[in-house]
Amino acid sequence: MGRMTRPAAACAAAVLLSATAPAIGAGAAPAPRIDLRVLVLDDKGPATAAITTELKGSGTPYTTVDLTASGRSRIDAAFLGDTVDGRPRAKYQAVVVPNDNPFGDGSAEMAALVAYEKRFGIRQVDAYTYARPAVGLGYPQNPGYIGSLDGRTAKVTAAGESGPFGYLGGSVPFEDNDPAVTESYGYLSVPLANQTEGATFTPYVDAPIPGGDARGALVGEYAHDGRRELVVTFVYNQYQSQFRLLARGIVEWATQGIHLGADRNYYAVHVDDVFAGDDRWDTELNCTPGDVDCAGAGDDAENDPIRMTAADARYAEEWSTDHGFTLDMAFNGGGSEAYKDENGGSDPLAQRLLADQGSYRWINHTYNHPFLGCVQDTSVVPWKCSTGLLGTTRWVGPADITGQINDNLSWAGRNSLSVDRAELVTGEHSGLKTLPQQPSDNPNLAPALTLTRVTSLAADASREKEQRTLGPATTVPRHPMNIFYNAGHAAEQVDEYNWIYARKSDGGSGVCEGSANTTCLNEPLDTSTGYASYIVPLESRIALGHVLSNDPRPHYIHQSNLAEERIAYPALEKVLADYGRLFADNTPVVNLRMKDIGEEMRRRAAWDAALAAGRVTAYRIGDTVTVTAPSGVRAPATLPPGTRQAQSGSGTVTFGSAYAGLRSGWAAPGASQSRITFTLAEGAVPADPSGTAAAARAAKPADRLPVPAGVRKPVPYGPGDATRA
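Structure representation (structure tokens):
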């Protein structure tokens, strides 16, 4: 997917790595030690916060200095560097500043920062700054532009493609989610025609300047006076897709493609209730007959469940093959047996899916999909947990839980269905705490997981975003897509959507009017057009936002959404199509199975804890990178192509795997090693910057730049997207 792969990764790396340590010759001073840590000078603005979020999310060590704090650390030579074992040390491999000159003319702190960057070849990211001659650009006039960038499409230049942004497909669209809010503001201007001696400005991302043929830079490299700055002339926040697209390149440029931490684009989709039938939304009752909370639905209310057919299964297999994307099928074997009992002993759906089982991954979803938490008292709405004579909560017992898990595995065995018993999705994520009715886990769940050897347990990310441990298992939080389990037709989906998200005065439930996490619709959606025109674009944008945020958590839908009108496919297709347009072939979607997602999250948690405890050291000397971490903790790293990792003895292996033009992955010391050692490929180590040294030039400080109101907080993404808060 995406465009043809860009020039060879090694060429891209060579462009990235352009300045650092002096080489050692006869009688020369020892090569400096460059610590693999980023310094962020934080003005509490959205741009520096966004870059900090990218560093934190990818596991890249960083230190922040709050420039607004009265007792903050002073930026001087001692803060930035020192000497270790007779070798000069740069404490930070890159610097992020709110603008190109945050301390002002004649500032001792700016002078110290400039001297440090020149001495060690450290790069500086100007998170958001004015376009003006001090950063190698003309003033944004004749030609130029100042104002909103909402809805515009920027482009990666040829230099950007062959350099730090070679993982992109070429276009960088700017969001315009709410016409009433200015979401992104910036400056478009052209590089100075007459730069100061030896200075150059290389645009990496630009956009058309209104009213002419010229293109103005939005991101570019200003090389001058023995220093390099990445100049960004638009404001952004951590949630906006234009930043998410560029975040990787900003970090790779700053660190010259050598840093701890890794960032990939993950997308997995779980389909729950396979082989079972899902109850259908009733547009008259505004609830779902068969659901425990459907007040007013008498015993004679028709359920009319939604269940895939063999034709739906055939379509699913063809769709997966055509899109090169593997769905994860969370199945309930009891659903197939119940169908057989009512249909002459035959289940064409199961026959088709079992014949095509190799097209999917399969997850145990329990045999009959019962609620495995407390014993529910459904005599009231909403339901509550039943209690015993002494008022204690009654829980579903361990035998019932293990029976549901093992019976489903036995069904899979009888039908030669390959399933990994380590993975489990309980019905409605039951057994785990369910607020407000059940504030704690079923105490019988952890022992049952031990008996059944479950180590990866699905959770709902809208309730519990972070991973946690339960007995032998760790949870795998899953993002719910707002495509409802009880809808097989678009009109049903829209009707229920309107009930949840419309105001009472518009015929809705009014729930949105008292919720901090739910946005009311301006007006109800048209049941015939609202799904395609509103819900699909919104849900695909939310899902793509997760993909672009280095978030491995899977998304989940239900088998009902693949039945009847097959309403899930348009949203899934839009995510994949939009991704394919945005990224080059060297940056594919990473589609992991559930237990591998759990392992990724476990490794990240251990790594983050080691960083927080100050138990990680990492540095580069010449072409050697050394990392020390606590025993048992793997280190994530992103390094140039050709990097080799030392093994026990004298052997080496190629590090990591190729992604976005570099190599990345998790590393651990060999059996007899106490540290991880990488050797960078010849030519990957940046060259000596000393030949370009010149007197530092103090630029006029940038005043506080305009930040539109909509940019400081997440811009409106629409109803139901509580995960953006």
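If you want my numbering, it's the 1-based position in the sequence shown plus 287. Ideal Cβ positions, reconstructed from N, Cα and C, are used throughout, including at glycine. Here the structure is a predicted model, which is why all the values come from computation and not from measurement.
Boundaries of the beta strand (DSSP E) harbouring E508: R502 to H511, taken from the DSSP string. Unbroken beta strand (DSSP E) stretches of 3 residues or longer found wholly inside the stretch 776-852: 842-845, given in chain order.
In this structure, the beta-carbon distance from H610 to L863 falls below 8 Å. Taken through DSSP and simplified to helix, strand or coil, K442 comes out as strand. Counting along the chain, D493 sits inside the beta strand (DSSP E) bounded by residues T487 to P495. Looking only at A899, A504, K378 and D566, the smallest Cα-Cα distance to G431 is reached by A504. The way I'd put it, the stretch 839-857 doesn't touch the stretch 912-922; fewer than three beta-carbon pairs between them come closer than 8 Å. Taking the Cα positions, A555 is about 28 Å away from S727. Counting every other CB atom within 10 Å of its CB across the protein chains shown gives T756 a total below 16, marking it as exposed. With contacts defined as CB atoms closer than 8 Å, R514 and Q411 qualify as a contacting pair. About 26 Å separates the Cβ atoms of S449 and S471, ruling out a contact at the 8 Å cut-off. Its Cα nearest to that of I409, the residue Q543 stands out among H652, Q543, R902 and L677. Considering only T416, L677 and Q529, the residue with the shortest C-alpha distance to R439 is Q529.
Comparing alpha-carbon positions, the option among A892, Q644 and L424 lying closest to Y509 turns out to be L424. Contact fails between the stretch 875-886 and the stretch 344-353, because fewer than three Cβ pairs, one in each stretch, are under 8 Å apart. Excluding residues up to 5 positions away in sequence, V668 lie with their Cβ nearer than 6 Å to the Cβ of A582 in the same chain. Remark: fewer than three beta-carbon pairs, one from each stretch, lie closer than 8 Å, so the stretch 732-739 and the stretch 768-777 are not flagged as touching.
Taken through DSSP and simplified to helix, strand or coil, F612 comes out as coil. Cβ neighbours of P811 within its own chain (closer than 6 Å, five residues either side excluded): N785, A789 and D793.
Annotation: G453 to A318 spans about 30 Å, alpha carbon to alpha carbon. Rounded to whole angstroms, the separation of the alpha carbons of H546 and H776 is 48 Å. Secondary structure of P460 (DSSP, three-state): strand. Apart from the 5 residues on each side of it in sequence, E783 sits with its Cβ closer than 6 Å to the Cβ of W568 and F771 in its chain, given in chain order.
Between A778 and T814, the CB-CB gap stays under 8 Å.
DSSP links F618 through a beta bridge to V561 and N651.
D493 sits away from D463, with the two beta carbons spaced by 8 Å or more. With a beta-carbon spacing of about 7 Å, A699 and G620 fall inside the 8 Å limit used to define contacts. Closest by C-alpha distance to W649, out of H656, L640, G867 and P657, is L640. With respect to the 8 Å criterion, V876 and V834 are classified as neighbours on the basis of their beta carbons.
A746 and G817 have their alpha carbons spaced roughly 30 Å apart.
The beta-carbon distance between V422 and E539, rounded to whole angstroms, is 20 Å. This is too long to meet the 8 Å contact definition.
Burial state of K378 is buried, judged by a 10 Å Cβ sphere holding 16 or more other Cβ atoms. Under the criterion of beta carbons closer than 8 Å, T444 and V518 do not qualify as touching, at roughly 14 Å. Across the structure, C574 and F658 are spaced so that their CA atoms are roughly 19 Å apart. Only residues of its own chain outside the window of five on either side were considered, and among them G797 and E800 have a CB closer than 8 Å to the CB of K791, listed in chain order.
Between R708 and L696 the beta-carbon gap is near 6 Å, inside 8 Å, which marks them as a contact.
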